[in-house]
């Protein structure tokens, strides 16, 4: 599975959009981009995933560049409860493993 | 629907002692995973079960770690003997079918080895 690169930390003002970048320049054609987050003292939680089209659900939007070498997770109106570590993971849709990196610590501030 | 249950939530032991963690996955979930998460790092897969069979245990330190999933439902992970570097959070996750995009994680067991 391809590796990903994320900034170690980011800050965001409450109520503003949080844009979390992820680089995955070695992604293969059959690999998807997944996002999970981990709130303090909890297990990771699935957010969203996509192949090449932009995706949106009740939690977030995922924007994948046309060359698929990078993506951005967007939390449209960040709240204090969105403070967490966000993990960008690349794997085949029915691949077995989730390989987590260090992720991005997002701090939402009032 | 009840989530993934784990116990205990916290455990402190001395090195060379043994310890066991328990996980009860979401009802009907055939695939169960154990992850180890060291402070400041992302979770690392230790072992994956499909029903009561092992699918992947390539990163399980088999000289000291063991896991079982009798009857294909709940699972136990054991460490014997523990080392200082085993201090971590041990997370259990489950999914209805192997490879589905959404794994459901439990709250984890925080192990401290002194």
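Protein chains in written order, with the numbering used here: chain A, 1 to 110; chain B, 1001 to 1114. We put the CB at the ideal spot given by N, CA and C, even for glycine. Source: prediction; values computed, not measured.
Check	Outcome
Closest residue to residue 35 of chain A among A:44, A:17, A:11 (Cα-Cα distance)	A:44
Alpha carbon of residue 1090 of chain B to alpha carbon of residue 1097 of chain B, nearest angstrom	22 Å
9 Å Cβ cutoff, residue 1113 of chain B in contact with chain A	no
Residues near residue 1012 of chain B by beta carbon distance below 7 Å, same chain, minus five either side	1112, 1114
Same chain, Cβ closer than 7 Å to residue 117 of chain A, five either side skipped, listed in chain order	Only positions 1 to 110 of chain A appear in this structure, which leaves residue 117 of chain A out of reach.
Assigned exposure category for residue 80 of chain A - 16 Cβ within 10 Å defines buried	exposed
Proximal residues to residue 49 of chain A (C-beta, below 6 Å), its chain only, five neighbours per side dropped	32, 34
Residue 1070 of chain B (DSSP reduced to helix, strand or coil)	helix
Contact check, residue 1047 of chain B vs residue 1088 of chain B, beta carbons under 9 Å	no
Meets three-Cβ-pair contact criterion under 8 Å: the stretch 1052 to 1070 of chain B and the stretch 1103 to 1110 of chain B	no
8 Å Cβ shell around residue 1015 of chain B - same chain, five flanking residues per side excluded	1081, 1082, 1083, 1084, 1113, 1114
Beta-ladder partner(s) of residue 1013 of chain B, from DSSP	B:1113
Residue closest to residue 1073 of chain B, alpha-carbon to alpha-carbon, out of B:1086, B:1094, B:1064	B:1094
Host beta strand (DSSP E) of residue 1088 of chain B (start-end)	1088 to 1095
CB contact below 9 Å: residue 73 of chain A versus chain B	no
Cα-Cα separation, residue 1028 of chain B to residue 103 of chain A	30 Å
Cβ pair residue 1019 of chain B, residue 1071 of chain B closer than 9 Å	no
Cβ of residue 1004 of chain B within 9 Å of any chain A Cβ	yes
For residue 71 of chain A and residue 1033 of chain B, the rounded distance between their alpha carbons	27 Å
Own chain residues within Cβ distance below 8 Å of residue 60 of chain A, not counting five before or after	35, 47, 48, 73, 74, 75, 76
CB contact check: residue 101 of chain A to chain B, cutoff 9 Å	yes
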